[in-house]
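For the sequence shown, my numbering begins at 6 and goes up steadily by one. Note that the Cβ used here is the ideal one computed from N, Cα and C, for glycine as well.
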Amino acid sequence: MLQCIRAFFAARNVQEVETPLLSHASGTDAQLAFFTSTYETPPYSQTLFLQTSPEFAMKRLLAAGSGSIYQICKAFRNGEAGRFHNPEFTILEWYRVRFDLAQLMEEVEALFDILFDGRLNAPQRVSYQTVFEQYTGLNALIFSYTDYCTYANQNDLSDAIALCGQNHALWLDFLFSFCVQPYLGKNGLCLVYGYPACQSSLARLNAENPLMTERVEIFMNGIELGNGFYELADADEQNRRFDSEIQIRQQENLPVAVKDERLLAALKNGLPDCSGIALGLDRILMVLTNSTAIADVVSFDITRA
């Protein structure tokens with residue numbers, strides 16, 4: 006699998022890079038928990054963070070003029086272990102300069118066609134709003150607490166009411182995971198694009214509809230395999246989104262996040278027009294080998310590490 010991926014990008018003149026897994030900054034997304042580490046330089050010590058993805062460092066390279074790049078590396082997310090999760094996992098992330106989201110989706114489809122040797126069903130592209138309404142009858146872009154509660158009560162999902170409250174993004178995560186995702190990508194790719202604006206901290210808003218962002222997620226056989234964006238390049242807007250996420254973390258008593266000022270400086274310097282995506286290679290290997298859990302495709306999962 007790794008050989009195929011590297012050959013794929015070599016043929017397209019996309020450069021492989023390596024960035025630090027330990028950083029002075031963490032991500033701010035309230036949905037992601039990070040690992041902290043103490044760096045000892047006697048008589049001083051510093052708190053460093055294992056990266057939940059190489060995204061921020063790769064964007065710094067893009068702003069410095071690297072051109073299109075990709076990376077295969079480990080990423081770390083605290084509190085995530087189970088059939089489809091391991092706190093340490095392998096990620097493929099790439100960025101294509103002067104690609105919009107549609108071009109990025111084409112490249113994703115081409116990569117999967119090679120990895121699966123042309124055995125997949127034809128890929129399907131569908132908007133988030135369309136597929137959400139298809140399976141729930143609800144409007145994903147305009148939140149109605151009454152409508153969402155009614156749907157939950159009628160479908161034995163009443164726990165969502167206490168869990169999600171008035172939080173539109175939490176409702177979407179809950180309902181999409183239970184009512185939509187299991188049906189996506191039967192023996193082929195399903196690319197869901199046009200995510201609601203409340204769910205995309207690093208993507209540009211859609212130029213025609215500010216309720217949507219230029220984000221895509223990749224699914225196969227009901228498993229989420231990747232997440233991509235037409236990348237936000239506005240440093241001030243990114244800073245506002247970081248501050249909003251930090252505030253949410255404070256309200257939910259989550260560990261304090263350290264904003265990545267170096268990323269913001271890189272964005273101010275100028276991020277080229279680009280799209281990027283991260284794919285979970287362990288999950289792809291699960292699908293390739295018809296395995297039922299990540300533990301089946303890694304040398305030692307967290308229970309045996």
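Notebook entry, point to check: How big is the Cα-Cα spacing for Gln76 and Leu55?
Noted result: Using only the alpha carbons, I get a separation of about 16 Å.
Next item on the list: For my contact list, Asn226 and Val292 are in at a C-beta cut-off of 8 Å; report their separation, rounded to the angstrom.
Entry: The C-beta separation of Asn226 from Val292 comes to about 6 Å, placing the pair in contact by the 8 Å criterion.
Notebook entry, point to check: Whose C-alpha, out of Ser73, Ala68, Asp301, Phe179, is nearest the C-alpha of Asp161?
Noted result: Taking only the C-alpha atoms, the option nearest Asp161 is Phe179.
Checklist line | Contact belief for Pro201 with Tyr133 at Cβ below 8 Å, rounded distance in angstroms | finding: So it is a contact: roughly 7 Å between Cβ atoms.
Margin query: Quick check: what's the CA-CA separation for Glu222 versus Ser206?
Written below: Looking at the two C-alpha atoms, the distance is approximately 14 Å.
Next item on the list: Report yes or no: do the region 65–75 and the region 290–306 share at least 3 C-beta pairs separated by less than 8 Å?
Entry: With a cut-off of 8 Å, the region 290–306 and the region 65–75 do not count as touching, because too few Cβ pairs lie within range.
Margin query: Any heavy atom of the ligand COA inside 7 Å of the beta-carbon of Leu293?
Written below: As far as ligands go, the structure on display features none, and thus does not contain the ligand COA.
Checklist line | 6 Å CB neighbourhood of Asp265 in its chain, flanking five on each side removed | finding: Within the same chain, Asp265 has close Cβ partners Ala30, Phe61.
Next item on the list: Note down, in chain order, each residue of its chain lying with its Cβ closer than 8 Å to the Cβ of Ile282, except the 5 sequence neighbours on either side.
Entry: So the list reads Glu98, Trp99, Leu109, Val113, Val221, Ile223, Gly231, Asn232, Gly233, Phe234, once near-sequence residues are dropped.
Next item on the list: Rounded to whole angstroms, what's the CA-CA distance from Ser163 to Asn172? Just pull it up for me.
Entry: Cα to Cα, the separation comes out at about 15 Å.
Checklist line | Straight-line Cα distance separating Gly193 from Pro128 | finding: The alpha-carbon atoms of Pro128 and Gly193 are separated by roughly 6 Å.
Notebook entry, point to check: Cβ of Met63 within 8 Å of Cβ of Leu286?
Noted result: In this structure, Met63 sits away from Leu286, with a CB-CB distance that is not shorter than 8 Å.
Notebook entry, point to check: What residue from Phe181, Gln255, Glu257, Asp34 has the CA that sits closest to Ile228's CA?
Noted result: Out of Phe181, Gln255, Glu257, Asp34, Phe181 has the C-alpha closest to the C-alpha of Ile228.
Notebook entry, point to check: According to the neighbour-count rule (16 or more other Cβ atoms, all chains shown, within 10 Å of its Cβ), is Cys9 buried or exposed?
Noted result: Exposed is the label assigned to Cys9, since fewer than 16 other Cβ atoms lie within 10 Å of its Cβ.
Margin query: Please identify the residue among Pro92, Ser28, Val22 whose C-alpha is closest to the C-alpha of Ser73.
Written below: With respect to the C-alpha of Ser73, the residue from Pro92, Ser28, Val22 having the closest C-alpha is Val22.
Next item on the list: Taking only the alpha-carbon atoms, compute the straight-line gap between Cys78 and Thr151 and give it to the nearest angstrom.
Entry: A straight line joining the alpha-carbon of Cys78 with that of Thr151 spans about 44 Å.
Note to self: Which residue wins for smallest C-alpha separation from Phe121, given the options Ala310, Ile307, Thr294, Asp306?
What the structure shows: Of all alpha-carbon atoms in Ala310, Ile307, Thr294, Asp306, the one lying nearest the alpha-carbon of Phe121 is that of Thr294.
Margin query: Tell me the DSSP secondary structure of Lys79 in three-state form.
Written below: DSSP places Lys79 in strand when its eight states are reduced to three.
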